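Protein chains in written order, with the working numbering: chain P, 6 to 297; chain V, 6 to 297.
Quick reminder that beta carbons are idealized off the backbone N, C-alpha and C, glycines included.
The structure presented is a predicted model; accordingly, all values stated were derived computationally and were not measured.
Heads up: the structure comes next, in structure tokens.
Protein chains: 2
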Amino acid sequence: MPLPPLAAIRAFEAAARHANFTKAATELGMTQAAVSYQIKLLEDVLGTPVFLRQNRRVTLTRAGRRLAGPTTEAFDLLRDAYTAPDDDMTLTISTLVTLASNWLAPRVGRFQMAHPQIAVRMSTEAHSVDFKSEEFDVAIRYGDGQWPGLRAHEVMPVAFTPMISPTLLEQYGPLHDPAELMRLPFIDPEDRNIAFWLDEAGISDRPAKANAPIMIGAQTGEAAAAIAGHGVAFLNPAFFRIELETGRLIQPFDQVSTDGKSYWLVYPESRRHNLKIVAFRKWVLAEAVADQ
Amino acid sequence: MPLPPLAAIRAFEAAARHANFTKAATELGMTQAAVSYQIKLLEDVLGTPVFLRQNRRVTLTRAGRRLAGPTTEAFDLLRDAYTAPDDDMTLTISTLVTLASNWLAPRVGRFQMAHPQIAVRMSTEAHSVDFKSEEFDVAIRYGDGQWPGLRAHEVMPVAFTPMISPTLLEQYGPLHDPAELMRLPFIDPEDRNIAFWLDEAGISDRPAKANAPIMIGAQTGEAAAAIAGHGVAFLNPAFFRIELETGRLIQPFDQVSTDGKSYWLVYPESRRHNLKIVAFRKWVLAEAVADQ
DNA sequence: GGCATTGATAAACCTAGCTTATGAATGGAT
DNA sequence: ATCCATTCATAAGCTAGGTTTATCAATGCC
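As structure tokens, this is what we get:
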């Protein structure tokens with residue numbers, strides 16, 4: 006046995022509460038005629054009147070009284086549930102491991118300081134998160150910023166420049182010309198970014214590197230290897246500011262190259278007004294700007 | 006802050022319960038596309054997804070889980086309230102005093118025997134009850150059966166025939182011809198029904214009765230006066246079967262006249278399928294037939 | 001006695017919400 | 001491995017449900 010039309014039930018609920026069709030209509034943002042119609046419809050469906058029409062006033066019948074209680078209770082539940090502010094103040098971020106460990110993680114504490122009510126849950130994902138099937142508020146992606154259905158904000162370009170340890174620099178003598186770099190071992194010779202940098206530096210003579218890659222993919226690992234003096238790592242200077250400032254890593258050349266791609270903050274277009282997301286977006290972009 | 010569209014909430018409730026849009030659609034008697042549309046609409050309104058779309062299955066998001074509980078609870082309340090059998094098993098009858106006291110009251114016990122779950126509340130009203138402003142299930146009315154919006158079943162014609170006590174008959178000698186009736190005192194000479202009977206009997210010579218009416222209107226009172234031997238009362242033989250059978254009243258002539266009107270069982274057209282009303286209608290009409 | 005207010009009703013209109021049709025993805029059976 | 005069944009998404013198009021507008025009847029109130 007199906008429920009009567011919900012519009013009729015809603016009209017009844019308001020009318021019962023006010024004992025007045027006109028006031029109910031005002032509350033519901035419709036006309037008195039519409040309420041009258043809906044109540045009549047409900048009575049037709051139920052097969053029994055729910056209101057007695059007395060002079061300029063309406064009174065619940067017994068059947069009406071029986072229904073009014075549970076109905077109002079039900080709508081109270083719905084109103085409570087659907088009008089409650091979004092109290093889920095957990096911001097879930099899907100990040101790329103490199104950006105997360107070298108840039109975001111050290112800074113995210115400041116975001117929490119600024120927004121103490123927002124808890125942050127960071128998750129580093131190997132694959133590109135699909136907002137439709139996984140529950141993330143925002144993600145950091147690598148690419149060109151074109152993802153249909155998603156809004157993307159550029160956080161920073163994917164940049165890199167050779168870095169070595171002071172020990173290694175001492176060992177191979179001062180580097181004045183980028184070409185001299187080729188004498189040094191590369192930590193991950195197969196790193197595709199290297200070509201971008203060498204191209205931009207105008208180095209065409211590229212003898213194959215003998216050494217097997219020490220670390221693949223994880224920039225943090227490459228950095229550690231570089232610090233240990235194992236060779237040249239092509240790293241994002243924005244990620245290793247501290248190491249550069251403390252001298253644990255040395256950036257021999259000013260030239261910083263990119264592969265044309267960037268890191269992007271992305272989230273579903275439809276959630277662009279979500280408070281948590283707005284707050285995080287503003288914070289991230291400000292951090293990125295301040296970083297340059 | 007208004008609720009999201011109720012259709013969307015309902016679709017969500019079913020979908021959340023089944024964790025499956027197709028099953029929800031089946032339950033709601035609509036297509037899967039409609040459920041999909043409503044869920045999407047809800048998510049648009051809320052500004053947050055309520056389901057994660059995973060391969061061939063859907064899962065509630067945190068927001069969805071937060072809403073699903075209260076929503077199902079609310080709909081359970083509504084379903085309980087609106088699909089509960091009409092447990093108001095009190096049949097409220099508005100009757101005319103004459104029919105009530107002389108015919109209905111003595112018989113209504115049998116109705117209750119036949120329908121033990123139905124309580125009967127009879128009320129004798131001076132005015133014709135308005136179903137729109139007063140809470141009655143059925144009424145007995147006097148008239149021609151034409152009341153807009155009401156369904157009317159003829160219970161019995163308004164019939165009358167002269168009745169006297171045995172004492173009075175003895176006193177005035179045997180009555181062979183209706184014209185002889187005019188010698189007797191009439192208990193209520195102003196009773197408008199008398200003319201109908203006399204017309205039908207072909208009596209045109211009608212000397213004015215000297216006696217003031219003893220009782221007006223209440224047939225029971227007239228009957229009591231007649232039994233006491235105070236004169237002729239024009240009464241409905243159906244109402245005084247016992248008195249006639251026991252000889253306390255005598256019906257001198259077979260002729261029974263009517264004023265062209267009847268007693269009718271009436272109730273709102275819209276409630277013609279109500280269980281209580283159907284039961285009572287069947288019973289009353291069967292009683293009336295058995296009575297003839 | 002006139003006015004303000006309430007609910008009922010008829011007519012006309014419009015869009016919310018449905019169906020139909022189709023596609024994409026994939027889990028499971030053979 | 002392949003095919004099929006099943007799931008949800010989406011676009012297009014239609015229809016009736018629900019709304020507004022306009023008006024009436026009734027009556028409580030000043």
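Distance from histidine 120 of chain V to alanine 284 of chain V at the Cβ level is roughly 5 Å; contact confirmed, criterion being Cβ atoms closer than 8 Å. Within chain P, the residues whose beta carbon sits less than 8 Å from that of leucine 82 of chain V are Pro75, Thr76, Glu78, Ala79, Leu82, listed in sequence order. For isoleucine 199 of chain P, the enclosing alpha helix (DSSP H) has its first and last residue at 198–206. At a C-beta separation below 7 Å, alanine 86 of chain P has these neighbours in chain V: Leu72, Pro75, Thr76. Glutamate 140 of chain V: not part of any beta strand (DSSP E); DSSP gives it neither H nor E. Every unbroken stretch of the beta strand (DSSP E) spanning 3 or more residues and falling wholly within the stretch 38–119 of chain P is given here in chain order: 56–59, 62–65, 95–100.
Annotation: glutamate 274 of chain P is outside any alpha helix (DSSP H) and is labelled neither H nor E by DSSP.
Minimum Cα-Cα distance from leucine 173 of chain P among the listed residues P/Phe26, P/Pro153, P/Gly234, P/Asp142 corresponds to P/Gly234. Residues of chain P whose Cβ lies closer than 7 Å to the Cβ of serine 138 of chain V are, in chain order, Leu57, Arg58, Gln59. Closest option to alanine 19 of chain V, judged by alpha-carbon separation, among V/Gln37, V/Ala223, V/His181: V/Gln37.
Under a criterion of Cβ atoms nearer than 9 Å, the residues of chain P adjacent to serine 275 of chain V are, in order, Glu48, Asp49, Gly52, Thr53, Pro54. Considering only P/Arg188, P/Ala164, P/Thr31, the residue with the shortest C-alpha distance to tyrosine 147 of chain P is P/Ala164. Counting other Cβ atoms within 10 Å of its Cβ, glutamate 227 of chain V reaches 16 or more and is therefore classed as buried.
The alpha-carbon separation between arginine 156 of chain P and lysine 287 of chain P amounts to approximately 14 Å. Only buried fits threonine 166 of chain V, as 16 or more other CB atoms lie within 10 angstroms of its CB.
At a cut-off of 9 Å between C-beta atoms, methionine 35 of chain P does not count as an interface residue with respect to chain V.
Taking valine 160 of chain V as the centre and dropping the five residues before and after it, the same chain places the C-beta of Leu104, Ile145, Ser267, Tyr268, Trp269, Leu270, Val289, Leu290, Ala293 closer than 8 Å to its C-beta, in chain order. Bridge pairing for alanine 238 of chain P: P/Met168 [DSSP].
With contacts defined as CB atoms closer than 9 Å, proline 183 of chain V and isoleucine 199 of chain V fail to qualify as a contacting pair.
According to the DSSP assignment, alanine 124 of chain V belongs to the beta strand (DSSP E) that extends over 124–129. Interface annotation for the stretch 7–27 of chain P against chain V: Pro7, Leu8, Pro9, Leu11, Ala12, Ile14, Arg15, criterion Cβ-Cβ distance under 8 Å.
The beta-carbon separation of valine 143 of chain V and isoleucine 98 of chain V, rounded to 5 Å, stays under the 8 Å limit for a contact. Non-local beta-carbon contacts of arginine 126 of chain V in its own chain, meaning distances under 8 Å to residues more than five positions away in sequence, involve Thr95, Leu96, Thr97, Ile98 in chain order.
Using a CB distance cut-off of 9 Å, arginine 126 of chain V does not count as an interface residue toward chain P. Excluding sequence positions up to five before and after isoleucine 282 of chain P, its CB lies within less than 8 Å of the CB of Leu96, Asp142, Val143, Tyr272, Arg276, all in the same chain and listed in chain order. By the CB criterion at 9 Å, proline 75 of chain V and leucine 47 of chain V fall outside the cutoff. Annotation: alanine 223 of chain P to valine 102 of chain P spans about 8 Å, alpha carbon to alpha carbon. Measuring C-alpha to C-alpha distances from arginine 188 of chain P to each of P/Arg197, P/Phe201, P/Ile169 identifies P/Ile169 as the nearest. DSSP places glutamate 185 of chain P outside any alpha helix (DSSP H), giving it a letter other than H or E. Within chain V, the residues placing a beta-carbon under 7 Å from that of arginine 67 of chain P are Asp93, Glu140, ordered along the chain. Within the model, the alpha-carbon separation for glutamine 43 of chain V versus glutamate 274 of chain V is close to 37 Å. In the displayed model, glutamate 159 of chain P falls within a strand according to three-state DSSP.
Of all residues in the stretch 257–288 of chain V, only Ser275, Arg276, His278, Asn279 place a beta-carbon less than 7 Å from a beta-carbon of chain P. Rounded to the nearest whole angstrom, the C-alpha separation of alanine 231 of chain V and proline 194 of chain V is 13 Å. Alanine 79 of chain V is positioned such that its CB atom lies closer than 9 Å to that of phenylalanine 80 of chain P.
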